[in-house]
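If you count the sequence shown from 1, you need to add 19 to reach our numbering.
The C-beta atom is built at its ideal place from N, Cα and C for all residues, glycine as well.
Computed from a prediction, not measured in an experiment: that's the story for all the values here.
Accompanying notes for the structure given below.
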Amino acid sequence: LLHKGLKKGDKVAILLQNCLEFIISYFAIVKIGAVVLPLNNMLTFEELDFILKDAKTVALITSETFKETADELMARVDSLKLQLKVENFESECFQPARASSSGADGENLSCSCQEEDVATLIYTSGTTGSPKGVMLTHKNLISNAQACLKKITVTPKDNFSCLLLLYHSFTITTCVLVPLYAGATSVIIKSLKNFKEVFKQLLKSKVTVLIAIPPIYRILVEAKTPSFLTAFPFRLFLNPIRLCVSGGEALPLEVMKKFEAKFHIPLIEGYGLTEASPVVTLSPIKKKKLGSVGKALEGVEIKIINEQDQEVSIGEVGEVLVKGSSVMKGYYDKPEETRNAIKNGWLYTGDLGKLDKEGFLYIVDRKKDLIVMKGLNIYPKEVEDALYTHTKIKEAAVVGKKLEDGDEVPIAYIVLQEGENITQEEIHKYLQHSLAHYKIPRRIEFRKELPKTPTGKILKRFL
């Protein structure tokens with residue numbers, strides 16, 4: 020990279036599928052003091068074009084898989100001056116670095132980086148508008164990885180799954196930085212298209228820590244699984260996975276219960292957001308509380324406030340605020356948005372939650388998703404969790420719809436399990452056992468699928 024003329028502060032984008040070259044590129048970029056811009060390879064051309072222009076990107080590391088897109092980006096983005104293909108790494112990148120007369124000999128590659136320098140620029144999914152570039156510093160990333168390691172025991176014998184897309188902050192921190200920092204191994208899964216093959220690869224690679232998102236755990240719960248993976252004592256010898264971690268979005272309580280009952284492996288949940296590098300809390304393995312996302316990591320503070328910015332009492336719901344060394348430097352080139360997000364060192368997450376006496380955090384919902392009907396608060400996540408307990412329901416999303424008088428009512432959008440049928444009346448009757456009458460959706464719409472982001476999060480704004 021130095022030989023190609025890249026320098027400290029340059030934005031270098033990575034457009035790749037999961038592969039070793041992605042991780043090599045990531046560490047090479049931060050080592051010379053440049054800024055990593057990991058791109059979601061499932062985005063449209065226009066979305067990629069926006070991000071590269073907004074970030075004033077100088078270079079693009081990609082592969083032949085994305086040749087057409089990369090070539091067009093090079094032509095459209097004025098700031099882009101250099102394209103490197105991983106297929107040419109050995110001839111174009113490794114050799115010049117070894118042979119360079121400029122001192123790039125492996126011993127003198129480190130630049131004068133400071134811990135507050137930006138290491139990576141990660142663009143949010145843009146579910147509430149145009150994507151914003153989250154600036155994470157070297158200190159942000161390292162402190163978050165170190166704090167995670169103080170929550171779970173990791174040894175050099177551990178093998179972490181790396182099956183989630185590497186562009187995501189959750190993947191880089193938990194699947195790459197955490198295991199490598201502990202001297203463990205990261206097992207790269209290149210594609211999730213054939214899930215049976217993925218699971219075989221996990222077992223063949225003797226993965227001990229599975230990091231995944233809720234949709235994957237839901238698939239494992241519903242799939243017909245060979246008895247040797249679930250039956251005692253065979254699973255002890257043939258299934259080396261000792262711990263499962265869920266992140267990226269809320270894990271339905273029913274999925275967690277069914278997974279642990281089926282596989283007899285602890286499944287813990289964390290809470291976080293890109294702006295916090297990203298992990299904020301993590302459940303303990305042995306003394307977790309159902310429904311909770313655990314306690315704050317070491318060095319992280321959490322408080323809950325009301326609409327008047329006053330801290331609320333224990334058990335009271337309010338907006339979750341986060342403070343600590345893992346909180347982002349800010350949004351790139353957006354000072355006003357940064358000031359709105361971080362006040363007096365506290366990051367306003369936009370999530371609603373509550374703390375118990377022991378400091379366990381419970382995420383209730385997104386602040387913007389709250390439904391207010393005749394002065395009563397309805398949290399869509401609570402209704403969705405109740406719907407997920409029904410065996411015929413595969414996916415559910417609850418949103419508020421405004422009436423002519425300005426009031427809101429809950430509407431549920433449901434995807435049924437394959438081959439199943441159920442009526443709105445039957446669902447209403449089922450929910451009466453677990454929800455107050457005003458929380459039961461006024462209307463239920465059945466869909467074949469729900470709109471989602473490339474990472475699988477349901478896009479409620481399209482419902």
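Item	Value
Member of Ile433, Lys479 and Met392 whose CA lies at the smallest distance from the CA of Glu423	Met392
Bounding residues of the alpha helix (DSSP H) (the contiguous stretch that carries Phe108)	No alpha helix (DSSP H) contains Phe108, which DSSP labels as neither H nor E.
Bounding residues of the alpha helix (DSSP H) (the contiguous stretch that carries Thr156)	Where Thr156 is concerned, there is no enclosing alpha helix (DSSP H), although the beta strand (DSSP E) it sits in stretches over Gly152 to Thr156.
Contact under 8 Å by Cβ, Ala315 with Thr293	no
Terminal residues of the beta strand (DSSP E) in which Tyr290 lies	Leu286 to Gly291
Distance between Asn396 and Val402 (C-alpha atoms, nearest Å)	12 Å
Simplified DSSP assignment, three categories, for Gln451	coil
Backbone CA spacing between Leu185 and Lys420 [nearest angstrom]	36 Å
Anticipated Cβ contact below 8 Å, Val8 with Gly291, distance rounded	A question about residue 8 goes unanswered here, because the residues of the chain that appear run from 20 up to 482.
Of the residues Ser188, Ala166, Ser162 and Thr193, the one placed nearest Asp177, counting alpha carbons only	Thr193
Whether Ala74 touches Gly152 by CB criterion (8 Å)	yes
Other residues of its chain near Lys225: CB distance less than 7 Å, five sequence neighbours each side excluded	Asn178 and Pro259
Host alpha helix (DSSP H) of Tyr200 (start-end)	Val197 to Tyr200
Beta-carbon proximity of Val383 to Leu374, cut-off 8 Å	no
Residues that DSSP places opposite Thr204 in a beta bridge	Asn178
Residue from Gly369, Tyr381 and Ser345 whose Cα sits closest to the Cα of Lys307	Tyr381
Closest residue to Lys376 among Ile361, Asn159, Ile333 and Gly343 (Cα-Cα distance)	Ile333
Coarse secondary structure for Arg358, derived from DSSP in three states	helix
Residues of its chain near Val418, where Cβ-Cβ distance is below 7 Å and the 5 sequence neighbours each way are ignored	Pro399, Ile430, Lys479 and Leu482
Gly122, buried or exposed, once every other Cβ within 10 Å from all chains shown has been counted against 16	Residue placement at Gly122 cannot be trusted, given a pLDDT of 47 that sits under 50; the coordinates are not used to answer.
Boundaries (first-last residue) of the beta strand (DSSP E) holding Met392	Ile390 to Met392
Cβ contact check for the region 157-173 and the region 74-88: 3 or more pairs under 8 Å	no
Delimiting residues of the beta strand (DSSP E) encompassing Asp370	Trp365 to Leu374
Contact check, Leu406 vs Ile433, beta carbons under 8 Å	yes
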